[in-house]
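Q: Residue numbers (mature numbering (1 follows the signal peptide of the UniProt record, and there is no 0)): -19 to -1, 1 to 969.
In this text, a Cβ means the ideal position worked out from N, Cα and C, and glycines have one as well.
If you scroll down you'll find the structure; I have some questions about it.
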């Protein structure tokens, strides 16, 4: 147990004991002046020790008198903060049996006492009462190991005894007196030495430990904190040693080691590395000589700098040699085959003493022999295996232009080429391609179809290699591969006639130049209509023509009605504002908790204390930044409340240098959140306000904001799951409405999603206080504040009338965002265009695959009369019915291509053909540049070709996400509309 543990500690002792003497009678040269009682008791005499040194001693020998009680009190001894004192006593005792005619009770022992005090005991104390009642504490009864029976002729006392005793703990005074009690012995005190023990100062494991007093008990262990010696740094902390009761160091914990640039010397000194050497790491290692091609000109170098022309790579270690850049490749050989070329070369003579050599290939197309006339090769040129970081000395280049001069620069690079201020050395070669046939036509698509024919078109080959003379089209019934037909066309389109109804045909096309035919395109399958399908389509076209004529008459009528209604509305606008319903306080049901605005408090800090729990910052662990808020950074972290399980949290912080107003506005969100307790409202864990940084701590939502989450998972959820998410949002808003709280900024960006796809309403700071100086373009100034126009009801935009009914309007926009997988409401329209469109009764169309019942719910939320909009309890009930009856979410599903209907204000949301001049520009405007190569590689190389694209084409070229297909087809529809508007043959 404890004894064995203590023996283990003793076995780990690492130093010797050091003592400090506070009194030693052997050094006295005058009378000691101790107090004795009674007067005929102890007597101070001069004598000699066994070495014939003069000493002052006390002796007593009243053995011939009965009832002896002789006391001897030392002078005051300062303990010097020691808690345990040791007393070494040298004495002699006469053997009682050697004393003849003893009348009293002879003793061969005496008692040792001590008295703690802050002051010297007066030598005037002589009364028996004092010595009988003095608060002496007994140390021990001391007996002689050996006694003497006579004195030799030299007068020396033989058989000297030495005993050591200790006592403690001492804590009641700055010092003490020793007292000796004789009860009838014949003895002499030859010397008394009083001392205490301490552990000496020491350097251990490159850490310095000061002198340390031992503890109050002999088994005590006193902790001493160490500090690293000069030029050493901590390795393990804390750094400490234990000083045991015997004044020995033991059980070292923690250590230091010499830091980089210093090596250990003589065990516990850190010596600087001399010039020409270095040490790059902290630890016990020694300094090393600088690697080749490097040097150090200072002491304590942690790295040897490379000499001129030599470098270290990003991944090189400090002990690696410095290397140089390679020389140029050698002996390049080219083989030209029509529009392809094979290049081979030899490796450079000098690799720079590195094994990470690679090659880069630069390609330039030249119009003449002058290098100034060269320009980079087209992106369509193919390099196999590549043109960057080549490990082999061979590359094949294809898809070059025919009869064209090219220059190829072959660069040799290694891991330090990027360190050199000079360009990589290279080997250049000029080649000219030969005549070649055109490349294959990349794609064909069907323009129209009947039961007996279909019309096809295609883009020209990517590499025509000359003027296209004509195209050869080969086709056959897919069920009869051997019976194929040929047709020639001078243009990139053809009508194949004489086909069978309802039959699939495989079609190929190839181009011809003076160099001959190119390769056939891939097999493409196209289908003729059946006779019934053709008749049905023809009837629809006739109905469309008739409908257009009737629609023209209706449009004229509607314009007239709109003018009359507008006049009436202008007359009513002046009284409309007075009829708007204000948020009513005090009309809630009995027992329902009512939201309290923290800004109504005279001291906003009082609201924080009332509604938010103060958290000890030691319970909060910040891990990583996940975003930034209006007032500072937002972090992911961990919260470990006392006695509870650790949980992940989101931590909003208040940035440094905040004003008092910013702090008030920041904490107001916590005062608001702290009043809510509902599964679909973000939960406040607490705040940190009594230390910096000021923090708001909420539950952590793993999937982040709803809008970005939907965009990342476009088309991945069934409709009923989306409805479930909408139901959660509505439930949270119902709770807020019951508390008479108006959110004001309900949008998908302010809904958070956890790992179980539970949606929770958040962001209550901006909803309560919309600042003027916010730079977010989502919020537009209107009547003295910033408003998120696309999500805000018209009465709130015009009159700043925010109610639960205006939150319902916003909920309708959120529903549209969810069903469109995070599409931006009203697309790229400006905020003013949105306001104008809503004023003209325009409402967002149903997103693709959106059930009719859900779009009808959106339209109900967007009623101009706010009293006609559903309440949040009604919305929750409607969504519950949809979830219980999933068939209602399938009936009447809208499968049309989504996008803005024909509306003058919405045309601004599509790319403008006058500004978008290429497929690359168009994809960039849609933020879909990742499909550039797929479009160009599939033959859609111009905007007119793009406007003919179909959903089947998108699937074929690799656009598989439903949301991306929707966005592209919507843009195509708008571009067609713009093209029709610009057509000179269009009649109005």
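Counting C-beta neighbours from all protein chains within 10 Å, is the total for residue 127 16 or more, i.e. buried, or is it exposed?
A: For this step, residue 127 is matched to residue 146 along the chain shown. Exposed: under 16 other Cβ atoms inside 10 Å.
Q: Kindly indicate which residue of 129, 915, 175 has the alpha-carbon position closest to the one of residue 146.
A: Walking along the chain shown from the start, residue 146 turns up at place 165. Closest option to residue 146, Cα to Cα, is 175.
Q: Between residue 410 and residue 915, what straight-line distance do the alpha-carbon atoms span, to the nearest angstrom?
A: The residue labelled residue 410 in the question sits at position 429 within the chain shown. The residue labelled residue 915 in the question sits at position 934 within the chain shown. The alpha-carbon atoms of residue 410 and residue 915 are separated by roughly 32 Å.
Q: Could you check which residue in 837, 847, 778, 849 has the C-alpha nearest to that of residue 863?
A: In the chain shown, the residue the question calls residue 863 occupies position 882. Closest by alpha carbon: 837.
Q: Could you pull the start and end residues of the alpha helix (DSSP H) that residue 901 belongs to?
A: Taking the first residue of the chain shown as position 1, residue 901 is located at position 920. Run containing residue 901: 900 to 906, per the alpha helix (DSSP H) assignment.
Q: I need the DSSP call for residue 608, collapsed to helix, strand or coil.
A: Your numbering for residue 608 matches position 627 in the chain shown. Three-state DSSP puts residue 608 in a strand.
Q: For a test of your reading of the model: does the CB of residue 736 fall under 7 Å from any non-hydrogen atom of the ligand GDP? Yes or no.
A: For the ligand GDP, the structure offers nothing, since it holds no ligand at all.
Q: May I have the straight-line CA-CA distance separating residue 308 from residue 418, to the nearest angstrom?
A: One-based indexing of the chain shown puts residue 308 at position 327. One-based indexing of the chain shown puts residue 418 at position 437. Near 39 Å, if we compare the C-alpha coordinates of residue 418 and residue 308.
Q: According to DSSP, is residue 431 part of a helix, a strand, or is it coil?
A: In the chain shown, counting from the first residue as 1, residue 431 sits at position 450. Note: residue 431 maps to coil in three-state DSSP.
Q: Return the CA-CA distance between residue 937 and residue 946, expressed in angstroms with no decimal places.
A: Here residue 937 refers to the residue found at position 956 when the chain shown is read from its first residue. Here residue 946 refers to the residue found at position 965 when the chain shown is read from its first residue. Distance between the alpha carbons of residue 937 and residue 946 is about 12 Å.
Q: Hey, quick one: how far does the beta strand (DSSP E) through residue 177 stretch, first residue to last?
A: Here the question's residue 177 lines up with position 196 in the chain shown. That run of the beta strand (DSSP E) goes 167 to 180.
Q: Note down, one range per segment and in chain order, each beta strand (DSSP E) of at least 3 residues found wholly within the region 256 to 341.
A: Listed in chain order, they are 311 to 318, 321 to 327.
Q: Which class does residue 843 belong to by DSSP, given the choice of helix, strand or coil?
A: Taking the chain shown and counting its residues from 1, one reaches residue 843 at position 862. Of the three classes helix, strand and coil, the one that applies to residue 843 here is coil, per DSSP.
Q: Does the region 251 to 259 come within contact of the region 277 to 285, defined as at least 3 CB pairs closer than 8 Å?
A: Touching, per the Cβ criterion.
Q: Can you tell me which of the three DSSP states residue 426 falls into?
A: Translated into the one-based positions of the chain shown, residue 426 becomes position 445. Strand.
Q: Measure from the alpha carbon of residue 923 to the alpha carbon of each residue in 942, 90, 939, 901, then state which is nearest.
A: Taking the first residue of the chain shown as position 1, residue 923 is located at position 942. Residue 901 is the option with its Cα nearest to residue 923.
Q: When we look at the beta-carbon of residue 871 and count the other beta-carbons within 10 Å, is it buried (16 or more) or exposed?
A: Walking along the chain shown from the start, residue 871 turns up at place 890. Residue 871 is exposed by the Cβ-count criterion.
Q: Can you give me the Cβ contacts of residue 803 inside the same chain, cut-off strictly under 6 Å, excluding the 5 residues immediately before and after it?
A: Indexing the chain shown from 1 puts residue 803 at position 822. These residues qualify, in order along the chain: 688, 691, 692.
Q: Once the 5 residues before and after residue 949 are set aside, which same chain residues still bring their CB inside 6 Å of it?
A: Start at 1 with the first residue of the chain shown, and residue 949 comes out as number 968. Correct list: empty, nothing qualifies.
Q: Does the region 325 to 343 come within contact of the region 384 to 400, defined as at least 3 CB pairs closer than 8 Å?
A: Enough Cβ pairs lie closer than 8 Å, so yes.
Q: Indicate whether residue 250 and residue 235 have their beta-carbon atoms separated by less than 8 Å.
A: Locating residue 250 in the chain shown gives position 269, counting from the first residue. Locating residue 235 in the chain shown gives position 254, counting from the first residue. For residue 250 and residue 235, no; Cβs fall outside 8 Å.
Q: Taking all protein chains shown into account, do 16 or more other C-beta atoms lie within 10 angstroms of the C-beta of residue 911, making it buried, or fewer, making it exposed?
A: Your numbering for residue 911 matches position 930 in the chain shown. Looking at its Cβ environment, which holds fewer than 16 other Cβ atoms inside 10 Å, residue 911 is exposed.
Q: What is the rounded straight-line gap between the Cα of residue 210 and the Cα of residue 239?
A: Working through the chain shown from its first residue, we reach residue 210 at position 229. Working through the chain shown from its first residue, we reach residue 239 at position 258. C-alpha separation (whole angstroms): 9 Å.
Q: Name the residue from 684, 195, 329, 501 whose alpha carbon lies nearest to the alpha carbon of residue 740.
A: As a first step, residue 740 must be located in the chain shown, where it is residue number 759. The residue with the shortest Cα to Cα distance from residue 740 is 684.
Q: Identify every residue that forms a DSSP beta bridge with residue 28.
A: The sequence position of residue 28 within the chain shown is 47, counting from 1. Bridge partners of residue 28: 36.
Q: Could you give the uninterrupted runs of the alpha helix (DSSP H) lying entirely in the region 626 to 691, keeping only those of 4 residues or more?
A: Taking only runs of at least 4 residues, the alpha helix (DSSP H) segments lying wholly in the region 626 to 691 are 641 to 654.
Q: Spatial neighbours of residue 143 within its chain, please: C-beta separation below 6 Å, excluding the five flanking residues on both sides.
A: Taking the first residue of the chain shown as 1, we reach residue 143 at position 162. Closer than 6 Å at the Cβ level, and outside the excluded window around residue 143, lie 71.
Q: Locate the beta strand (DSSP E) running through residue 51, then write down its first and last residues.
A: Residue 51 sits at position 70 when you count from the first residue of the chain shown. Start and end: 51 to 54.
Q: I need the boundaries of the beta strand (DSSP E) containing residue 189, first residue and last residue.
A: The residue given as residue 189 occupies position 208 in the chain shown. Run containing residue 189: 188 to 190, per the beta strand (DSSP E) assignment.
Q: With DSSP collapsed to three states, give me the class of residue 596.
A: Translated into the one-based positions of the chain shown, residue 596 becomes position 615. If DSSP states are grouped into helix, strand and coil, residue 596 belongs with coil.
Q: Starting from residue 97 and walking both ways along the beta strand (DSSP E), at which residues does that stretch end?
A: Here residue 97 corresponds to residue number 116 of the chain shown, with the count starting at 1. It spans 90 to 98 - the beta strand (DSSP E) in which residue 97 sits, taken as one unbroken run.
Q: Taking DSSP's pairing of strands, which residues face residue 142 in a bridge?
A: On the chain shown, position 161 is the one that residue 142 refers to. For residue 142, which the question treats as bridged, DSSP gives the partners 72.
Q: Figure out for me which residue from 82, 74, 64, 65 has the closest Cα to the Cα of residue 47.
A: Taking the chain shown and counting its residues from 1, one reaches residue 47 at position 66. Among 82, 74, 64, 65, the Cα nearest to that of residue 47 is on 82.
Q: What does residue 467 pair with, by DSSP beta-bridge criteria?
A: By one-based count along the chain shown, residue 467 stands at place 486. Beta-bridge pairing links residue 467 to 455.
Q: Please say whether residue 414 and residue 375 have beta carbons closer to each other than 8 Å?
A: By 1-based counting over the chain shown, the position of residue 375 is 394. By 1-based counting over the chain shown, the position of residue 414 is 433. Cβ atoms of residue 375 and residue 414: not closer than 8 Å.
Q: At the level of alpha carbons, what is the spacing between residue 629 and residue 724?
A: Taking the first residue of the chain shown as position 1, residue 629 is located at position 648. Taking the first residue of the chain shown as position 1, residue 724 is located at position 743. If you take the alpha carbons of residue 629 and residue 724, they lie about 26 Å apart.
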